[in-house]
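Beneath this line is the structure, given in structure tokens, with notes to follow.
2 protein chains.
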Amino acid sequence: MKLKFNFKKGNAMESNQFKTLISEEGLKSTRQRVEILDIFLNSTGHQNLAEIYARVAKTNPKIGYTTVYRTLKLLTRLGLAAQRKFADGETRYESAAEGTHHDHLICLGCGKILEFEDDGLESLQHRIARRHGFKIFHHRMELYGYCSPCAHKKTRIRRKG
Amino acid sequence: MKLKFNFKKGNAMESNQFKTLISEEGLKSTRQRVEILDIFLNSTGHQNLAEIYARVAKTNPKIGYTTVYRTLKLLTRLGLAAQRKFADGETRYESAAEGTHHDHLICLGCGKILEFEDDGLESLQHRIARRHGFKIFHHRMELYGYCSPCAHKKTRIRRKG
DNA sequence: TTGAAATTGAATTTCAATTTCATTTTAAGG
DNA sequence: CCTTAAAATGAAATTGAAATTCAATTTCAA
Numbered sequence: 205m206k207l208k209f210n211f212k213k214g215n216a217m218e219s220n221q222f223k224t225l226i227s228e229e230g231l232k233s234t235r236q237r238v239e240i241l242d243i244f245l246n247s248t249g250h251q252n253l254a255e256i257y258a259r260v261a262k263t264n265p266k267i268g269y270t271t272v273y274r275t276l277k278l279l280t281r282l283g284l285a286a287q288r289k290f291a292d293g294e295t296r297y298e299s300a301a302e303g304t305h306h307d308h309l310i311c312l313g314c315g316k317i318l319e320f321e322d323d324g325l326e327s328l329q330h331r332i333a334r335r336h337g338f339k340i341f342h343h344r345m346e347l348y349g350y351c352s353p354c355a356h357k358k359t360r361i362r363r364k365g
Numbered sequence: 205m206k207l208k209f210n211f212k213k214g215n216a217m218e219s220n221q222f223k224t225l226i227s228e229e230g231l232k233s234t235r236q237r238v239e240i241l242d243i244f245l246n247s248t249g250h251q252n253l254a255e256i257y258a259r260v261a262k263t264n265p266k267i268g269y270t271t272v273y274r275t276l277k278l279l280t281r282l283g284l285a286a287q288r289k290f291a292d293g294e295t296r297y298e299s300a301a302e303g304t305h306h307d308h309l310i311c312l313g314c315g316k317i318l319e320f321e322d323d324g325l326e327s328l329q330h331r332i333a334r335r336h337g338f339k340i341f342h343h344r345m346e347l348y349g350y351c352s353p354c355a356h357k358k359t360r361i362r363r364k365g
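Put into structure tokens, the structure is as follows:
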């Protein structure tokens with residue numbers, strides 16, 4: 205993922221850069237969009253809409269849920285956000301500024317999500333694609349297990365019914 | 205995934221084996237459950253509930269959607285079905301009898317889902333797990349791209365807005 | 001055969017995702 | 001600084017899959 209701009213966190217230029225980027229798409233820069241972008245970029249992790257909305261509402265309770273929803277969709281389209289769906293089916297957003305492609309380690313105990321990158325994965329991907337005559341555009345890999353604190357908490361693992 | 209029984213497709217023993225397996229869990233074997241199991245095992249692929257229900261309803265229109273829903277959940281718990289959630293967020297079920305663990309190649313053109321197995325993935329998984337102090341129980345890997353017929357249909361790729 | 005416990009299934013609820021639409025705001029052109 | 005068309009907003013409504021409720025029915029162990 206290549207960004208046209210480097211959006212620096214907590215940088216006052218953000219709003220101007222955003223204005224330029226968004227107008228290139230024939231869209232309009234608004235107070236709400238800039239606020240949501242600002243809050244979104246100044247946070248880390250994989251958050252669902254409710255969490256993002258909660259944070260936005262704390263700063264500006266006048267901004268509606270719908271606008272946050274639509275803005276996150278917009279940011280995804282602009283390449284500033286990335287949408288993720290893990291096994292629980294919930295949609296989460298992550299700042300694209302956080303880095304390039306990576307995959308996820310998910311703790312079944314505490315829900316913690318770790319990111320990782322591995323070059324071996326790419327060659328593996330190509331090998332499998334070639335074998336099946338596919339042209340791959342992207343992949344998704346998630347490893348589910350227990351992080352070391354959670355692994356030590358209980359010997360017996362509780363499963364969800 | 206190790207099954208306690210080998211459920212053979214179209215085998216009259218199915219119902220008795222199921223009876224045994226289910227009673228071990230303190231649950232009851234019912235006409236509906238056996239019918240749903242039978243239909244489910246006698247099909248392949250990754251199907252959502254609506255598709256499974258449609259097939260069940262064709263055989264026995266008296267069986268309700270709720271029962272199909274609950275039975276698939278039950279089969280998943282018993283290890284006879286496996287739940288899959290791909291990037292579109294829809295829940296799909298696949299017969300566990302179809303094989304052991306595998307991953308998926310998904311065509312963005314026609315929606316076709318291919319299965320693959322790759323030993324390299326396992327060692328990769330262990331390496332990454334070790335690096336992050338995780339104890340991995342399972343993983344999920346999906347490769348998204350175009351199968352060879354779809355890749356040849358159009359040069360330009362149409363993307364979802 | 002009996003009856004407690006489990007299952008069924010239509011209807012309902014839940015809940016996130018999405019759409020609608022009347023009102024407001026943006027930004028480009030005077 | 002106005003005007004205005006196009007876009008954005010946000011409350012409310014809608015959608016759709018997943019999950020639950022509950023009265024009626026069925027199962028199965030005794």
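If you read the protein sequences in the order shown, they are chains A and B.
For the first sequence, this note's numbering gives the first residue as 205, with consecutive numbering after it.
For the second sequence, this note's numbering gives the first residue as 205, with consecutive numbering after it.
No residue lacks a Cβ here, since even glycine has one placed at the ideal position from N, Cα and C.
As the structure is a prediction and not an experimental result, all values here were calculated from the model.
| query | result |
| --- | --- |
| CA-CA distance, N252(A) and R296(A)? | 4 Å |
| Taking the alpha carbon of L347(A) as the point to measure from, which residue in H356(B), H330(B), A291(B) has its own alpha carbon closest? | H330(B) |
| Could you list which residues in chain B have their beta carbon closer than 8 Å to that of D322(A), in chain order? | L328, R331, I332 |
| If we define contact as Cβ-Cβ less than 8 Å, is L318(A) a contact residue for chain B? | yes |
| Could you pull the start and end residues of the beta strand (DSSP E) that L318(B) belongs to? | 317-320 |
| Around the Cβ of D242(A), are there at least 16 other Cβ atoms within 10 angstroms (buried) or fewer (exposed)? | buried |
| Run the CB neighbour count on E229(B), radius 10 Å, all protein chains shown included, and call it buried at 16 or more, exposed below. | exposed |
| Taking C-beta to C-beta, are G349(A) and F222(B) nearer than 8 Å? | no |
| Quick check: L328(A) and D322(B), are their CB atoms within less than 8 Å of each other? | yes |
| So, under 8 Å CB-CB, T280(B) and R237(B) are touching, yes? Tell me the CB distance rounded to an integer number of Å. | With a Cβ gap of about 13 Å, T280(B) and R237(B) do not count as contacting. |
| Have a look at A258(B) and V260(A) and give me their C-alpha separation to the nearest angstrom. | 43 Å |
| Could you check whether the Cβ of A286(B) sits closer than 7 Å to any heavy atom belonging to the ligand HEM? | The ligand HEM is not part of this structure, which contains no ligands at all. |
| Give a yes or no on whether the minimum CB-CB distance between K212(B) and chain A is below 8 Å. | With a pLDDT of 48 at K212(B), under the threshold of 50, the modelled position of that residue is not reliable, and the figure given next carries that caveat. Taking Cβ atoms only, chain A never reaches closer than 8 Å to K212(B), which makes this a no. |
| Taking DSSP's pairing of strands, which residues face F311(B) in a bridge? | The amino acid occupying residue 311(B) in the given sequence is Cys; Phe does not appear at that position. Paired residue(s): G349(B). |
| Is there a C-beta anywhere in chain B that falls below 8 Å from the one on I340(A)? | yes |
| Can you list the residues of chain A that R296(B) reaches, using a CB-CB cut of under 7 Å? | Ordered by position in chain A, no residue passes the 7 Å Cβ test against R296(B), which lies about 12 Å from the chain. |
| Of all Cβ atoms in chain B, is any one closer than 8 Å to the Cβ of K289(A)? | yes |
| Starting from L284(B), find everything on chain A with Cβ-Cβ shorter than 7 Å and list it in chain order. | What L284(B) touches in chain A: nothing, since even the nearest Cβ is about 16 Å away. |
| Using CA atoms only, rank isn't needed, just tell me which of L278(A), G315(A), I310(A) is closest to A300(A). | L278(A) |
| For a contact meaning CB atoms closer than 8 Å, what does H250(B) contact in chain A? | Here the premise fails: no neighbours, minimum Cβ distance about 15 Å. |
| Short of 8 Å in beta carbon distance, which residues of its chain neighbour L231(A), apart from the five on each side in sequence? Order them along the chain. | L278 |
| Quick check on E298(A): buried or exposed, where buried means 16 or more other Cβ atoms within 10 Å of its Cβ? | buried |
| With a cut-off of 8 Å, does the C-beta of Y350(B) fall near any C-beta of chain A? | yes |
| When you compare each of R334(A), G315(A), P353(A), I310(A) to I332(B) by their alpha carbons, which one comes out closest? | I310(A) |
| Check whether the Cβ of R344(A) lies closer than 8 Å to any Cβ atom in chain B. | yes |
| So, with DSSP's three-state summary, where would you put N246(B)? | coil |
| Mind checking whether I226(A) and V272(A) have CB atoms under 8 Å apart? | no |
| Please report the distance separating the alpha-carbon of I317(A) from that of H250(A). | 8 Å |
| Within this structure, are the beta carbons of G293(A) and K289(B) separated by less than 8 Å? | yes |
| Please list, in chain order, all residues of the same chain as N264(A) whose beta carbon is under 7 Å from its beta carbon, the five residues on each side excluded. | E239 |
| Within 8 Å (strictly less), CB to CB, does E239(A) reach chain B? | no |
| Put H342(A) into one of helix, strand or coil per three-state DSSP. | strand |
| For S233(B), which three-state DSSP category applies? | coil |
| Closer than 9 Å by beta-carbon distance: list the chain A residues that pair up with L312(B), in chain order. | F341 |
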